[in-house]
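K.L.:
Chains as they are written, first to last, in my numbering: chain A, 7 to 501; chain B, 2 to 102.
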């Protein structure tokens, strides 16, 4: 049994209670006025949860890479890493929304939904049972459908939410179908038992097992934005409120990778299939389509949405070479943590620009570097980190990912993944550089205008995080080393 | 005995095919939503049929969970569709074009 004081239980208790209470408080309070109290309560709950997990990790109370257990939840450092990344993203979103929400209504519901969605994301990373995984997946998704359409009067927010909902619901339907096949084949829903069952499967049933793994790839791939399943993503990221886009791009997408690492990689290894090549092809397609389409965009949210697709491709490199080298998943985990902060920071910076100037067109960003210096610096640092320029943390995680592909040597095609990744990074620098050029080298000298304070706070945090880890990455690299699932144990057939 | 299980699986796969067809061909939001529901119910049928032959009740439990979650999902989806209908007087997602790249 999982103890009552273990991080997932504590997180459910704190975030769930506060999340349910916020709307009740808003009904009880009769007077209008300072609605920022809800943001403060939500922020406090998230900080408390993050503090608890960081404390548990720092004092080494979390076992390393205990991926399989008979329970529905596993308390290991793999999920600890995802929990930390997702809580950081939620905190950034909550703080960034402080200014963004000032003109909107229904504050209590908004923050309550963010908290509930955060529980879902964290639990996806912790679950070791397919039923738990599915429930957590839906707990993460359903609040975000509402949040994406939160600006009810705005047609594009509504359209974004509807498209996101239809594709999201389709992906969960496909995941349920996959789980039902796996249950029929192995008679269990515990991931560990399922993998043992699949490893010793009757050869006649093999096509069904392959169908199930393909359904998992499709279902989780919708959320991750892998290429054949990415069509909803730019529309949703452009139309949704920019703070919620930060939550989607940095949070729910990473939860998709957590589920993929637990289910798909284990499934492919248990089935002893050569899926790595398929994942490699998807990785190259994803990063190429994302980066090439990003070049042609005029809207900065849409451009970053395509760049987010590209980054899903980079992270997938690590998954593709997972059976051959430990460095692959390690690099993926590191890049997931980094990408959560960089993409979160970039979209929160856009939220700041939208709140003060109301523009998202890249041509209109002229002279932004002088108008809003702090937000501009935050945006520039996160863009450089996305491109992987050395003094930022993005450099190290990309180095690990591409290095892992070069290092293995076992599949002869692996180095091509690294080559595709490097070429795509160079391509991405072109459009990030274009934004930076517009911001700093074009337009007349314009007067500085007041920047929203809460967004400045997020920018300061992310600049410190990205540069700090870029200068001194050792602790995070050690942490990812501990978090890598013990794949060697899985490689032996008996599991 | 085994023949019965095969019958259930065939029906379930037929429902899956109908659902996938509905999602990929229809552009009416409500039709797409119902096609997705058909896929979820195909999975539920699978789960309950397998649970009949497997000596544990995990399948039936999961079917109950998935029915409850599907209900929550439909509630949110219909709410979004109603808001869209008020704005466009239409629920055809091919007609929604405020977002284009």
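Yeah, the Cβ is synthetic: ideal placement off N, Cα and C, and Gly gets one too.
Computed from a predicted structure; not experimentally measured.
Just the chain B side, please: which residues come within less than 9 Å of residue 219 of chain A by C-beta, in chain order?
P.N.:
Chain B residues near residue 219 of chain A: none, gap ~16 Å exceeds 9 Å.
K.L.:
For a contact meaning CB atoms closer than 9 Å, what does residue 48 of chain B contact in chain A?
P.N.:
Result: 182, 185, 186, 189, 190.
K.L.:
Check residue 103 of chain A in the structure and name its three-state DSSP category.
P.N.:
Residue 103 of chain A falls in the helix class under three-state DSSP.
K.L.:
Residues of chain B with CB closer than 8 Å to the CB of residue 226 of chain A, please, in chain order.
P.N.:
Here the premise fails: no neighbours, minimum Cβ distance about 16 Å.
K.L.:
Helix, strand or coil: which one does DSSP assign to residue 135 of chain A?
P.N.:
In this structure, residue 135 of chain A counts as strand in the three-state DSSP scheme.
K.L.:
Using only CA atoms, which one of A:467, A:80, A:254, A:82 lies nearest to residue 155 of chain A?
P.N.:
Residue A:254 is the option with its Cα nearest to residue 155 of chain A.
K.L.:
Return the CA-CA distance between residue 25 of chain A and residue 141 of chain A, expressed in angstroms with no decimal places.
P.N.:
Each residue's alpha carbon lies about 17 Å from the other.
K.L.:
Taking one C-beta from the region 314-323 of chain A and one from the region 235-246 of chain A each time, how about it: are there three or more such pairs within less than 8 Å?
P.N.:
The region 314-323 of chain A is in contact with the region 235-246 of chain A.
K.L.:
State the DSSP-derived secondary structure class of residue 4 of chain A, mapped to helix, strand or coil.
P.N.:
Examination of residue 4 of chain A is not possible in this model, given that chain A is present from 7 through 501 alone.
K.L.:
For residue 91 of chain B, which residues does DSSP report across the bridge?
P.N.:
DSSP output for residue 91 of chain B lists no bridge partner at all.
K.L.:
Using the Cα positions of residue 87 of chain A and residue 6 of chain B, report the straight-line distance between them to the nearest angstrom.
P.N.:
If I take the Cα positions, the gap works out to 42 Å.
K.L.:
Scan the region 135-210 of chain A and note each continuous alpha helix (DSSP H) run of 4 residues or more that stays entirely inside, going in chain order.
P.N.:
The qualifying runs are 136-154, 161-192, 197-205.
K.L.:
Going by beta carbon distance, what residues of the same chain come within less than 6 Å of residue 347 of chain A, once the five residues before and after it are set aside?
P.N.:
Same-chain partners within the cutoff: 468, 471.
K.L.:
In chain order, what residues of the same chain have a beta carbon less than 6 Å from the beta carbon of residue 95 of chain A, not counting five sequence neighbours either side?
P.N.:
Excluding sequence neighbours, residue 95 of chain A sits near 256, 257, 346, 350.
K.L.:
Leaving aside the five residues before and after residue 19 of chain A along the sequence, list all residues of the same chain whose C-beta is less than 7 Å from its C-beta, in chain order.
P.N.:
None.
K.L.:
Pull the bridge partners of residue 367 of chain A from the DSSP assignment, please.
P.N.:
A:305, per the DSSP bridge assignment.
K.L.:
For residue 29 of chain B, decide whether its Cβ has a neighbour in chain A, counting only Cβ atoms nearer than 8 Å.
P.N.:
So, not an interface residue.
K.L.:
Check whether the Cβ of residue 137 of chain A lies closer than 8 Å to any Cβ atom in chain B.
P.N.:
Yes, its Cβ sits closer than 8 Å to a Cβ of chain B.
K.L.:
Just reading off the alpha helix (DSSP H) that residue 443 of chain A is part of, what are its end residues?
P.N.:
420-447 is the extent of the alpha helix (DSSP H) around residue 443 of chain A.
K.L.:
Beta carbons nearer than 7 Å to chain A: which residues of the region 69-80 of chain B have them?
P.N.:
Result list: 70, 73, 74, 77, 78.
K.L.:
Among the candidates A:380, A:452, A:51, whose CA atom is the shortest distance from the CA of residue 125 of chain A?
P.N.:
Closest by alpha carbon: A:51.
K.L.:
Shortest alpha-carbon distance to residue 19 of chain B belongs to which of B:31, B:43, B:90?
P.N.:
Minimum Cα distance to residue 19 of chain B is reached at B:43.
K.L.:
Quick one: does residue 453 of chain A have its CB under 8 Å from some CB of chain D?
P.N.:
Absence of chain D from the displayed structure is noted, the protein chains being A and B.
K.L.:
At which residue ranges does the region 18-74 of chain B contain complete alpha helix (DSSP H) runs of 4 or more residues, listed in the order of the chain?
P.N.:
DSSP runs (the alpha helix (DSSP H)) wholly in the region 18-74 of chain B: 30-54.
K.L.:
Between the Cα of residue 405 of chain A and the Cα atoms of A:323, A:106, A:465, which residue gives the shortest distance?
P.N.:
Here the closest residue by C-alpha is A:323.
K.L.:
I'd like to check one pair, residue 42 of chain A with residue 104 of chain A: are the Cβ atoms closer than 8 Å?
P.N.:
Yes. Within cutoff.
K.L.:
Considering residue 488 of chain A, what are the terminal residues of the alpha helix (DSSP H) in which it resides?
P.N.:
Element bounds for residue 488 of chain A: 480-489.
K.L.:
Identify whether residue 232 of chain A lies in helix, strand or coil by the three-state DSSP scheme.
P.N.:
Three-state DSSP puts residue 232 of chain A in coil, outside helix and strand.
K.L.:
Helix, strand or coil, according to DSSP, for residue 500 of chain A in the structure here?
P.N.:
Below a pLDDT of 50, predicted positions are generally treated as unreliable, and residue 500 of chain A, at 36, falls in that range; no measurement from the model is reported.
K.L.:
Could you say if the region 221-236 of chain A and the region 165-184 of chain A meet the contact criterion of at least three C-beta pairs nearer than 8 Å?
P.N.:
Cβ pair count under 8 Å is three or more, so yes.
K.L.:
Count the other CB atoms, across all protein chains shown, that sit within 10 Å of the CB of residue 479 of chain A; report buried if there are 16 or more and exposed otherwise.
P.N.:
Buried is the call here.
K.L.:
Span of the alpha helix (DSSP H) holding residue 49 of chain A?
P.N.:
Counting along the chain, the alpha helix (DSSP H) containing residue 49 of chain A begins and ends at 42-64.
K.L.:
Along the region 142-159 of chain A, what residues have a CB closer than 7 Å to any CB found in chain B?
P.N.:
Within the region 142-159 of chain A, the qualifying residues are 144, 148, 151, 152, 155, 158.
K.L.:
Among A:109, A:366, A:436, A:425, which has the Cα closest to the Cα of residue 395 of chain A?
P.N.:
Ranking the options by Cα distance to residue 395 of chain A, first place goes to A:436.
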